[in-house]
Structure formats: structure tokens, C-alpha cells
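The next block holds one structure in the form of C-alpha cells; read it before the comments.
Number of protein chains: 2
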Amino acid sequence: MTDEAPETAWPLADRSRPAVTLREVAQRAGVSTMTVSRAIHAPHRVTAPLRQRVDEAVRVLGYVPNLMANGLRSARSHLVMALVPTITGSLFSEMVRSLTEALESQGYQLMVGQIGYGRSREDELLKAIIGRRPDGIVLAGILHSPEARSMLVSSGIPVVETWDTTDTPIDMLLRLSHEQIGREVCRHLHASGRRHLALLSGRDERAELRERGYLAQAAEFGLQPPVVYRAVSPTTHGQGRDGLDYLLRAAPQVDGIFCSSDLMATGVLTQARVRGIAVPEKLGVVGFGDLDFASTVVPSLTSVHIDGAAIGGMAARMIADCADGRAPARRIVDIQFSIVGRDSG
Amino acid sequence: MTDEAPETAWPLADRSRPAVTLREVAQRAGVSTMTVSRAIHAPHRVTAPLRQRVDEAVRVLGYVPNLMANGLRSARSHLVMALVPTITGSLFSEMVRSLTEALESQGYQLMVGQIGYGRSREDELLKAIIGRRPDGIVLAGILHSPEARSMLVSSGIPVVETWDTTDTPIDMLLRLSHEQIGREVCRHLHASGRRHLALLSGRDERAELRERGYLAQAAEFGLQPPVVYRAVSPTTHGQGRDGLDYLLRAAPQVDGIFCSSDLMATGVLTQARVRGIAVPEKLGVVGFGDLDFASTVVPSLTSVHIDGAAIGGMAARMIADCADGRAPARRIVDIQFSIVGRDSG
DNA sequence: CTGAAAGCGCTTACAG
DNA sequence: CTGAAAGCGCTTACAG
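These protein sequence lines are chains A and B, in that order.
Taking our numbering, the leading residue of the first sequence gets 1, the next gets one more, and so forth.
Taking our numbering, the leading residue of the second sequence gets 346, the next gets one more, and so forth.
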């Protein structure tokens, strides 16, 4: 009934008491710690009566095994680390979801780290990650410093690189050629009659690779070099609007634009509408990522689709194989992409 | 020069060799393990010559401290766990970014887990998390089962609940009243002359609280009960388009809609345009989240803004305080929100 | 099937 | 300032 009553009227987190240990469970159940350990991790190797006593003690005491101790002794952390440029924007979220599910079903936990599109924190972050001794690391389109690379190589941790291409993978590789994507999008626009191409690109390595392929293919078609506008990654809807204005100023006859993200592409659609430019009649627009909204914006957005769920599933299998001492079926796998044609071009 | 040469032409991850240990560094530097430990964590407590020998040995051997062993012995994991409904959709991404930065500057690592809008994995996931003995847990708008709650309470781990309201917090609380948000949005629409309100809601607990406030306020204004359309969370652009169709069928005179997400709200804007309904003249639209694109879509979107960066910063400070044995300045803090008025209503 | 001993790689707590 | 001993909470490897 004091003023402070509401602050203590419910059960608060108890900071004083240390966590329950295996030893305490064993004492309560009247068995050895080994029997408790077995009852938890390999119940079939313990007789039913003992197992029941252990289960009861675990329940009563609210025992949660300490995974740091487990990991230290068994040299298996049951932890997998995924590093992505950013968790915003959902380009990688399908892969993360799929990784999470596939790994959980095999008793691993996924830890997601974002490294940003800059590279400053790379080495620092990597040291913190390797220090946790994960059973695997998934690198989503991260280009790394020589130091980072050698840390990874000498760590002995299975590494899956993906969302990118390299001639010298650290370990395993789910290869995606952004240069090829740039080329295919250029072909797609060319095939629909566009002859004055442009590009709204991001300032990250993969966007630059798409740019390279796009420009190379345009050159092979004998087209004028596409005008390029580069925006800071992760790219936004607003950058799409600004970008279209810029491109039209630089090259008023532009009739086909490849955008480095769907968000940017919808910005182009918005600005085209504001300026009264008919899409797709006067202007073809292609996005990247095929996010959920690409099919429901008006006009619906043609976009490059990448099967993130498949990438996540494969990466999980590769890492689980390594952790179990099996060699993965293949060390290098090519990831397919497709251009989903819709109304915008 | 064999067919397999390309598979081994670069330095591969070395799975055979176990990781370098503190002991090996000590031997190489000709000091005790304690001196190495001090040289790394408290360099000023070691004389310069020894420190140099240690640093060199660390560098040469590529030593990365094992944080599982560190955490086990010191009872500090330097790990903080954040649980969000979903990392897709970027409603929580500003908070995650801010948490990450604030924690890193204090020597912690953030681990992000997504629990989904359903509740099935809740207990399982929580056990895996508590097993890692994080130094703190941030719960973003997760309503938990009694079992989950008691696991958290008895774990003794500092917990910050946020993005939600409760009368019985587990530990610390950054309180946000979604019911209040619902009321304020209703007032906002009412103040701009809307009298036939509707709601596009999600099927998660916080969306339901906003619904409750919105309906209660509408009743207090003496308005007809708003029509409600509930979509599966996380809500999408397409659901916004479908939702507007549904609402207009159910109540053709609708002139104001509150949407549970900005993505859904832009879907409403799209569909209104397709149907030739003038926004804001005939229809006012308010979103939730104030995501980046809210200010650049056309018409620009009025939306509820929540300062995720502030939430992340406060949560980080509270947890760091607890971990250092200080009582946090306040156990319960109210989080402010605002309605950012733009062209859509 | 069950358990006693040893040790994973660190840091704590103490002594010199 | 430096180091030898002990122990964090588990599992491995072995014996009965």
C-alpha cells in the first residue's frame, strides 16, 4: 500500500540467483551429471525410471543447459552466423528466413549480423564472430579485405559465400553473377524495342557488377552508352524519383531503365506518373529483387527474381554437412535468376 | 595441372587444424597465460616489453580469443539478444540498427532473432536463447506465454520489453501504447472532417490494440462504428489494394482509413488511384511506421512515427547498466509517437 | 546402462 | 607487475 507497491507487485527478474546447473539437477534426481546429460541429449540411452526422475528435476528447477559450456567442451557451438549488407529492404530476408528454418530443424541457431554497405567494421565484426566459434558462416555478397579473408581461412570454420561471384572462394560458393544479370536485363529491354537505355545503380559492389554487364551488353548491341545515376545503398523510393529526373535531364530520349532495387524502380514509376510519362509505352522499367509489392504496384513491375529461399536451404545443407564431417556434395553451385516480365516493361 | 587443379588453386579453409589457444600464444611470447589475457583485455596492467611480445605472438599466430570460454568463466557473454516479430518490413530495423551501434560501442554483440507473428516457436526459441546466457534480452512487442514469462523471470537475465504496453512487465519496459495511437489517429482524421472511418488492420496483438483505441475513440465521437478489414501480418501492398475494395463494398461512404502499416497504406493509395478516388479530397489515408518511402510516394503519406533509434539507444543503456551492476535510472519509460501530417490526409 | 575422472579455453582470486 | 592454482558448466573417453 506504499507508493512503491506497483513497482513490486509482480514477480521481477531475479538478478541475485545464479542459473541452475547440471549438477543441481543431478543431485535433485539422485543421479550423476552424466546421466542428466544423457537424459537430455540421448534419452534412449537412459532407462525409463532414471529418465523420468531427471525430466522431473529439470522441470521443477527450470533448468536450461548452458550452451557456452556445452560448446566449449564439445567444440560444437550449434551456432551459424549469417552476414548480410543490411537487414532493411528485405532483399535478403527470404534467404534469412529459409536459413533460420533449415538450421533450426537440425539443431542450430542462426545469428544475423549486418555489415552495412561500407566496409569499416568488417575486420572487427569478423573477429567477434569467429570468437564465438560458429559451426558455419554464411557471407551474403560481402567482399572482404585480405585480412578478413585470411582470418576466415585460418579459422577452419566452414564458410558459404553467396549472392556474388569470385574466382577465389574462401570455401564453398553459391555463385550468382550480377554481371550476367546486367547483361540479361539489357537484352530484355533491347528485345522489347528499347534503344536508349539508362541505369539507376547503387554504390555497392554487386550493383557495380550489374552495371558492368549492362554497359557491356549495350555496347555489344551497338547502343549508345547508357546514362548512369548512382545512389547510395541501400537505395530508396526517393532516389528513384530523383534518379529519373536526373536521367531525363542528361538524356531526354531515355526509353528503358534498369534499377538496382525494386524500391528505386517504384520511385521511377511514381516520378514517371508525376511527369506524365507513359510506362511502358514511352519508358520501360525493370527492378531488382522481385519483392512482394512488385506484382501489385500499378503498373506492375518487371523485376529480376532470385530464389532466396533456395540459397538459404542450400547454404544450410552445406554447413550441416561440414559440421557432421561429411564433404558437401558440391563446393560450388550456380544460383539461377529470372526476369519476371510484368506491365512496366 | 590436373582437372582438379582449379579446386585447389587458392588457399582453402583449413578444417583439420584446431584453433589457436591462449596457451600457444603464451608459449610463443614466453609468458604466462595470465599475462596474455591481461595484455589483451587490460593492456595498461602489463609492462610495455611483455605487451609487445604478446601482441606480436597474437598477430603471428592469428589468435582470436574463444568467447565461449571467456563467457563461461567470467559469467559475461557480451551478447545481447533482440527478438522482433519479423526483420522484414523494416518497422523494427531502425531500432535494431541503433541497438547494434550502441551495444558495439560498449563491447557487446547483438544477436537478432525473429519470432514471427505466430507464437508456436516461442518457448523453444527462448530456451535456445537463454542457453547462450546473454547479458540482456530486448523483446520488441512480443506477448509471451506464461511459460516463456517464467523462464525469463527465473533466468535472471535483464530484459527490456518494448513496442508494447503491459501492466506486469518482466523487468524493464519502454512503453508504447498502441491503443493511444489508435485513438490519436482517429482524432486526427476526425479533425480533418472525416466522419466515415474504416480500419485496415493486421492480425497481430499490437494491431488489435490500435484497433481497440480507434474504435473506442470513434464511439466517443459518436461516429458510426468503423468498418474493419483484418489482414495477415506482416501486411503487404497487395492487402492494401484488396482491403480498400473490401471496405468500399462494405461501406461505400468511407472517407478516412487508418492502415496498420505504410506498405498497406500505399496499397490503398494505389487502389484509390486505380478506382479514381481522389486522395485526400474524397479519402484520407494514414499509415503506420513512417518508413522512408512515406514522404516520397504521391500523394505523400501521413503516418504514425515512432522513434526506433531512441528505443534502441535506451534499451542498450538499460542493459549495459544492469550488466555493470548499476540499477537503470528508470525501469519504465514512456515512448512518444507522433502523427506526421502529409498530403494523404 | 551408469558414473568417476579429466579437460575444453579461458578468467578469478590469490600469492609473491 | 607477473604467475600458479583453481574452477566456470558442461561432455569426452573410459571403466565397471
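No residue lacks a Cβ here, since even glycine has one placed at the ideal position from N, Cα and C.
None of the values given here were measured: they were computed from a predicted structure.
Boundaries of the alpha helix (DSSP H) harbouring I664 of chain B: 653–668, taken from the DSSP string. Every beta strand (DSSP E) stretch that sits fully inside the segment 106–138 of chain A and reaches 3 residues is listed by chain position as 109–114. S546 of chain B: not part of any alpha helix (DSSP H); member of the beta strand (DSSP E) spanning 542–547, first to last residue. At a cut-off of 7 Å between beta-carbon atoms, M456 of chain B makes contact with chain A. Residue pairing by DSSP places H188 of chain A in no beta bridge whatsoever.
In the three-state DSSP reduction, F682 of chain B falls in the strand class (E or B). In this structure, V572 of chain B sits away from A610 of chain B, with a CB-CB distance that is not shorter than 7 Å. Excluding residues up to 5 positions away in sequence, A327, P328, A329 lie with their Cβ nearer than 8 Å to the Cβ of D321 of chain A in the same chain. Of all C-beta pairs linking the segment 211–227 of chain A to the segment 245–255 of chain A, three or more are shorter than 8 Å, placing the two stretches in contact. Using a Cβ-Cβ distance cut-off of 8 Å, the segment 209–218 of chain A and the segment 167–175 of chain A are not in contact, since fewer than three pairs of beta carbons, one from each stretch, lie closer than that value. Taken in chain order, the members of the segment 155–172 of chain A whose beta-carbon sits within less than 9 Å of a beta-carbon on chain B are S155, G156, I157, P158, V159, D167, T168, P169, I170, D171, M172. Non-local C-beta neighbours of L291 of chain A in its own chain, meaning closer than 7 Å and more than five positions away in sequence, comprise S90, D262, ordered along the chain. Below the 9 Å Cβ cutoff, chain A contributes no neighbours of A561 of chain B, its closest Cβ being approximately 24 Å away.
Your pair T380 of chain B and L395 of chain B checks out as a contact, with CB atoms roughly 6 Å apart and the cut at 8 Å. The shortest C-alpha to C-alpha distance from T236 of chain A to any of B:A564, B:V642, B:G612, B:R620 is the one to B:V642. Inter-residue distance for S495 of chain B and G62 of chain A is about 9 Å (C-alpha atoms, whole angstroms).
M68 of chain A and W508 of chain B have their alpha carbons spaced roughly 30 Å apart. Rounded to whole angstroms, the separation of the alpha carbons of L424 of chain B and Q454 of chain B is 5 Å. Between V304 of chain A and G345 of chain A, the CB-CB gap reaches or exceeds 7 Å. Residues of the segment 269–281 of chain A whose Cβ lies closer than 8 Å to any Cβ of chain B, in chain order: T270, R273, V274. If you draw a straight line from the Cα of V678 of chain B to the Cα of L518 of chain B, it is about 6 Å long.
The beta carbon of I432 of chain B is closer than 8 Å to those of S438, V441, V457, Q459 in its chain, skipping five residues each way along the sequence. Contact check for V84 of chain A against A128 of chain A fails: the beta carbons are separated by 7 Å or more. Collapsing the DSSP output to three states places D509 of chain B in a strand.
Per the coordinates, the alpha-carbon of H188 of chain A lies some 20 Å from the alpha-carbon of A251 of chain A. For F633 of chain B, the three-state secondary structure derived from DSSP is strand. Residue pairing from DSSP leaves R421 of chain B without any beta-bridge partner. By the criterion of a C-beta distance shorter than 6 Å, G481 of chain B is surrounded in its chain by V425, P503, I664, once the five residues flanking it on both sides are discounted.
The beta-carbon of T88 of chain A is placed less than 7 Å from the nearest beta-carbon of chain B. Put simply, the CB of T366 of chain B is far from chain A, with every gap to its CB atoms at 7 Å or more. Taking D123 of chain A as the centre and dropping the five residues before and after it, the same chain places the C-beta of E147, A148 closer than 6 Å to its C-beta, in chain order. Assignment of beta-bridge partners to S98 of chain A by DSSP yields no partner.
In this structure, DSSP gives G267 of chain A a helical state, which the three-state scheme calls helix. Contacts between A473 of chain B and chain A, judged by CB atoms closer than 8 Å, involve L67, Q109 in chain order. Residues of the segment 230–258 of chain A whose Cβ lies closer than 7 Å to any Cβ of chain B, in chain order: T236, H237, G238, R241.
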